[in-house]
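Here it is in structure tokens:
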């Protein structure tokens, strides 16, 4: 019996080889799916963690501590308590102590400055001077030292309260952060002076100890999911410690990426398995048609039914099992094993068992057929009732899958419901329905064509009508085309969405992060490097590391030329007309003024190009006359920010002229114009009142109401107020329901006039756009120092010339980092959804290979039948060229029908149903259309090439002979 089976396999080697290939491809694809899912989910998590700010892997602990006589030991105890309570492995850990307070008696008077000690402080800064080592020694940030006018050797006093002696402090160095966006600077907001533990302990005041842990990436990839939450619970037990952590959001993101990769890949594997078994079933059915003669010979010799099944089914079962064993063995050798999942051996056993059942089911009907039917050349017709039941079942399954997908809506798909096979079922149902509808017209068309003498068309239609079983291959081909089309559309949509998101998040084609400089200096340097304003734009980002919306101060006239996302004409709202700034140049300034009472005058000036603020002090103003002030910093030019008046409450000052050298800068008319001057913004109470003056400005000092701070300045109006801004939806909210909307601009609270826009650059998490120059004018002299999370950037457009970066460096900017749309899109392409969609493309290619193999079996099986028909027609005088053309057309007709059905099903599936694999896991809105005509055309072209090779390579028409 084995010899009979082996001889039959050799005689029909094409069918045997294709059957082995079908099973091997199915086993290989399913076995690889599990391994690829594990590999790509791990890679997606690694990519997510690599792109996540270290702050989201940080657990910060703080609590009150009394340093006492041994502050080092006190901090060590706090560190040990935090470490033991947390019980977490740390990649890095930093302990420190913070003491809020004010420095007084310095060159610029009192200012709120926190004293801090932090591990490795001097190793993370660029020092000018020495590192604090002794009692009373401090190091100040360079920007703070500049505001205070402090240098190395400057002395300050910290007030420790009425019952403690003040602490004398001396500046031994100034510093700038080495990596202002690095992990070490996480949480280091506000003005602070770094000092020693002994200095903080000498104040005798209770301090706050801090301990920051940077968790390793393995905590999120291979660690206990609940370990961090348990550690936070232990640390906060008792209420002595405060804990903040950004790990919850990262843990959720890791779980979502892992689910997206695993579920998306397994979904494609399910569809691949369904098409594989469908191809095996159709191939087995057609192969069984060719074995009717073998079954008849065994039956003539008196063989029992089981012998008939062994002889017939063995011809396909043996190659199928060989393919399963070979593919399973190769997968076990090539793919690393994993305890989870069935493994290559389990997949091979499952696919092999399924193939064996399908093969036996296809041949079992031969054992029940009468001998005379087995001896007939024409295959028997299928029972009408059985065919109708099968067709209705397929249609019902497709309808059920579509309904399940529709009711699921936008909710994530858990498990493997019928809706995940909706595209395959749509294609199969469409193929079954269309082929059923086309067969009767094909018969009528063939007869009509023959009657009119059109032999090629008539024979083609009749070949199709006589081979009414040919429609069984159409569902397989259509399902493969549909899967290919859906995968191509999903990939095209996701790829476009990744690029669109990268543009929206990054803001410009390239973004350069530069070392911290004053905003005015950043603005002037970028304008000097790109004077035409077509390729570069200065940007200051506030809140870059925080959870809320980011504030982007941009050089708005350049925004549309540089930004990767065009905000449209709405950007013009950021730059409404405003009075020109009051500019002056000269080392000596003069005023014509008269004072009544004890009153002194000074000017607050902003140095051109650098943005540094300087004071020009005219001293006490008495009787009317001309007063002078030195302003050496204004030799190259300054901008008037404000007039500052100091004096006893009720004192008045009359000002009629402001000049620089011999030139008049402001005359009496401008000084008297109330539209050119304003009071302070924010919560600070005004300390001056503008009165009606004769030929100039009259200012009167006001008594403060209680202990609230007052601002004794009157500011020049050179920017619109309220400040116009553009905001993404929900980024700006009204304050306390009073109709006033305020925003912190450079640390200064100013009223704003917001407008909502959808397409804004860098809008991830919400964004507010304002004009950088207007914001700088409003905040000059009041701005707080740059905080961690405030980033100075230069945006470069797509057409930026190569030498532009060098020109920026020549203008005084130091590039310390950068990003680009291409790099951001590549990062997104390494995450879970992209990994899943890549496997969808691989599964689609394998599905085309399976369908092509099944088509090759059909062509091989029908070769004998076609040869007999063609020989008979040739003997009747039909030209060979007509037979060859009719044979090719009849062989390609099912392919054409399948292409149309698969294309329509793929478009319908993405038009009606959502994709189970979304481009992003965090809910980012995707506006790209789900139906992509170019992607469908590419899929159809690939399917056409694959099927044409199968038809023309294996199913040659016998009429060629």
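In the numbering used here, the protein residues as written are 129 to 1089.
All residues carry an ideal CB built from backbone N, CA and C; glycine is no exception.
On a predicted model such as this, the values are computed, not experimentally measured, just so you know.
- In the DSSP assignment, residue 256 falls within the unbroken beta strand (DSSP E) covering 253-257.
- Fewer than three beta-carbon pairs drawn from the stretch 261-281 and the stretch 213-226 are found closer than 8 Å, and the two stretches are therefore not classed as touching.
- Apart from sequence neighbours up to five positions away, the residues of its chain that approach residue 690 with a beta-carbon distance below 6 Å are 636, 665, 923 and 925, ordered along the chain.
- Nearest neighbour of residue 753 by Cα position, chosen from 776, 783 and 1052, turns out to be 783.
- Within the same chain, 670 come within 6 Å of residue 918 by CB-CB distance, once the 5 residues on both sides are set aside.
- Only residues of its own chain outside the window of five on either side were considered, and among them 626, 627 and 630 have a CB closer than 7 Å to the CB of residue 953, listed in chain order.
- Within the stretch 300-356, the complete beta strand (DSSP E) segments of 3 residues or longer fall at 320-323 and 335-342, listed in chain order.
- Distance check between residue 936 and each of 653, 176 and 584 places 653 closest, using alpha-carbon atoms only.
- Its chain contains 144, 147 and 148 as the residues whose beta carbon lies nearer than 6 Å to that of residue 447, once the 5 sequence neighbours on both sides are disregarded; these appear in chain order.
- 227 is the residue among 641, 227 and 795 whose C-alpha sits nearest the C-alpha of residue 335.
- For residue 1004, there is no enclosing beta strand (DSSP E), as DSSP marks it with neither H nor E.
- Within the same chain, 980, 983 and 984 come within 6 Å of residue 1078 by CB-CB distance, once the 5 residues on both sides are set aside.
- Buried is the label assigned to residue 404, since at least 16 other Cβ atoms lie within 10 Å of its Cβ.
- When DSSP assignments are scanned along the stretch 521-579, the uninterrupted stretches of alpha helix (DSSP H) that are 4 or more residues long and fall wholly within it turn out to be 550-579.
- Taking a C-beta distance under 8 Å as the contact criterion, residue 702 and residue 854 qualify as a contact pair.
- Of all alpha-carbon atoms in 938, 477, 266 and 605, the one lying nearest the alpha-carbon of residue 321 is that of 266.
- The straight-line gap separating the alpha-carbon atoms of residue 616 and residue 247 is approximately 53 Å.
- Here residue 246 carries a strand assignment [DSSP, helix/strand/coil].
- For residue 766, DSSP records a beta bridge to 712 and 735.
- Residue 1022 has its alpha-carbon roughly 6 Å from the corresponding atom of residue 602.
- Listed in chain order, the beta strand (DSSP E) elements of length 3 or more contained wholly in the stretch 203-232 are 220-227 and 230-232.
- DSSP places residue 282 outside any alpha helix (DSSP H), giving it a letter other than H or E.
- Distance from residue 792 to residue 727 at the Cβ level is roughly 23 Å; contact not present, criterion being Cβ atoms closer than 8 Å.
- One Cα belongs to residue 313, the other to residue 307, and the distance between them is close to 8 Å.
- Boundaries of the alpha helix (DSSP H) harbouring residue 628: 601-634, taken from the DSSP string.
- Residue 746 sits in a strand when the DSSP states are folded into three classes.
- DSSP lists 923 as the bridge partner or partners of residue 665.
- If you draw a straight line from the Cα of residue 391 to the Cα of residue 458, it is about 25 Å long.
- Closest in alpha carbon position to residue 1024, among 305, 189, 273 and 606, is 606.
- In the DSSP assignment, residue 652 falls within the unbroken alpha helix (DSSP H) covering 647-657.
- Taken through DSSP and simplified to helix, strand or coil, residue 1018 comes out as helix.
- Boundaries around residue 193 are those of the beta strand (DSSP E), 186-193, since no alpha helix (DSSP H) includes it.
- Apart from sequence neighbours up to five positions away, the residues of its chain that approach residue 802 with a beta-carbon distance below 7 Å are 818, ordered along the chain.
- Rounded to the nearest angstrom, the gap between the Cα atoms of residue 304 and residue 940 is 16 Å.
- Beta-bridge analysis with DSSP links residue 780 to 724 and 828.
- Taking 8 Å as the cut-off, the Cβ atoms of residue 554 and residue 1036 count as close.
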